Amino acid sequence: KEIGDFGSGYPSDERTIKFLKSYFHDNSRWPPGTRKSWKTIERIRPVVKLSDFGD
Numbered sequence: 065k066e067i068g069d070f071g072s073g074y075p076s077d078e079r080t081i082k083f084l085k086s087y088f089h090d091n092s093r094w095p096p097g098t099r100k101s102w103k104t105i106e107r108i109r110p111v112v113k114l115s116d117f118g119d
């Protein structure tokens, strides 16, 4: 199943970060197969969850 253009998947890839934020915002969960222990998720998790209330 295709979930969209998520970039390279590397933590420094802006496209990956934007995809993860957008997916979480739209679905209230991370994309299937996402490793919650991944540093990118750990770094953006607080930002994403807080932005759901202020947007």
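Letter by letter, the sequence shown follows residues 65 to 119 in our numbering.
Positions of the beta carbon are idealized from the N, C-alpha and C atoms, including for glycine.
Keep in mind that this is a model prediction, so the values were computed, not measured.
For F67, count neighbouring C-beta atoms within 10 Å of its own C-beta (all shown protein chains included) and say buried if the count is 16 or more, exposed if not. For the purposes of this step, residue 67 is identified with residue 3 of the sequence shown, where counting begins at 1. The question names Phe, but residue 67 in the sequence shown is Ile. The residue in question, I67, is exposed, as its Cβ has fewer than 16 Cβ neighbours within 10 Å.
According to DSSP, is P95 helix, strand or coil? Counted from its first residue, the sequence shown places residue 95 at position 31. Coil, per DSSP.
What separation, rounded to the nearest whole angstrom, lies between the Cα atoms of H89 and P95? As a first step, residue 89 is located in the sequence shown; it is residue number 25 there, counting from the start. As a first step, residue 95 is located in the sequence shown; it is residue number 31 there, counting from the start. So the alpha carbons of these two residues sit roughly 11 Å apart.
Taking all protein chains shown into account, decide if Y74 is buried (16 or more other Cβ within 10 angstroms of its Cβ) or exposed. The residue you call residue 74 lines up with position 10 of the sequence shown. Per the 10 Å Cβ criterion, exposed.
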